[in-house]
Amino acid sequence: MTNTTANEQLTANYNIENAVLERYQAGAQQVQPALCCPTEYEENYLDILPQEIIQKDYGCGDPTLYIKSGETVVDLGSGAGKNCYIIAQKVGAEGQVIGVDFNDDMLGLARKYQDEIATKIGYKNTKFVKGKIQDLALDLDIVEQWLTANPITSIDALAAFESECNALRKEQPLIPDNSVDVV
Numbered sequence: 287m288t289n290t291t292a293n294e295q296l297t298a299n300y301n302i303e304n305a306v307l308e309r310y311q312a313g314a315q316q317v318q319p320a321l322c323c324p325t326e327y328e329e330n331y332l333d334i335l336p337q338e339i340i341q342k343d344y345g346c347g348d349p350t351l352y353i354k355s356g357e358t359v360v361d362l363g364s365g366a367g368k369n370c371y372i373i374a375q376k377v378g379a380e381g382q383v384i385g386v387d388f389n390d391d392m393l394g395l396a397r398k399y400q401d402e403i404a405t406k407i408g409y410k411n412t413k414f415v416k417g418k419i420q421d422l423a424l425d426l427d428i429v430e431q432w433l434t435a436n437p438i439t440s441i442d443a444l445a446a447f448e449s450e451c452n453a454l455r456k457e458q459p460l461i462p463d464n465s466v467d468v469v
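In the working numbering, the protein residues as written are 287 to 469.
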């Protein structure tokens, strides 16, 4: 067997999706300190979170810094829901947070505390759905066509592009809301 054949066989036998699923399933069951990078969050948003969610957060970086009141935010790979629950506080009762994950154990952990956290913040604006990031359909053809016809070569062109995106959000939203951010 040549090295190429051995490498091809190894790749064929290695299923990345299953490896990720199994690794994070283990993390949902028991704290895995080496699973990802620890990140500092604003303490006032952590106060309402159960320790189990804080301990089983395996994200890298803090996307919650850029969230504004009233936004609708989709968190892809939401895991135990830590970012979703921080974002829920930032977007307020007018906003909405949708966590997407394909791991039943992580979704179970995130959903376990939904009612408790909603009671603590005074509203329920967070939901968790099962899905694979790569399966989420997004038709970029319209944006691509517009950019082909209107390349961004100046500040004015960028402003026109932002205006077109705002119009598209209203006319053909992925989620019917004024603002959708993906973190």
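Every residue, glycine too, gets a C-beta built ideally from N, C-alpha and C.
- For Gly385, the enclosing beta strand (DSSP E) begins and ends at Gln382 to Asp387.
- Non-local C-beta neighbours of Gly417 in its own chain, meaning closer than 7 Å and more than five positions away in sequence, comprise Val386 and Phe388, ordered along the chain.
- Thr350 carries a helical assignment under DSSP once its states are collapsed to helix, strand and coil.
- In this model, Asn369 and Asn301 are separated by some 28 Å (Cα to Cα).
- Asp333 sits in coil when the DSSP states are folded into three classes, being neither helix nor strand.
- For the 8 Å CB-CB criterion, Glu338 and Leu393 do not form a contact.
- If you draw a straight line from the Cα of Glu326 to the Cα of Ala446, it is about 37 Å long.
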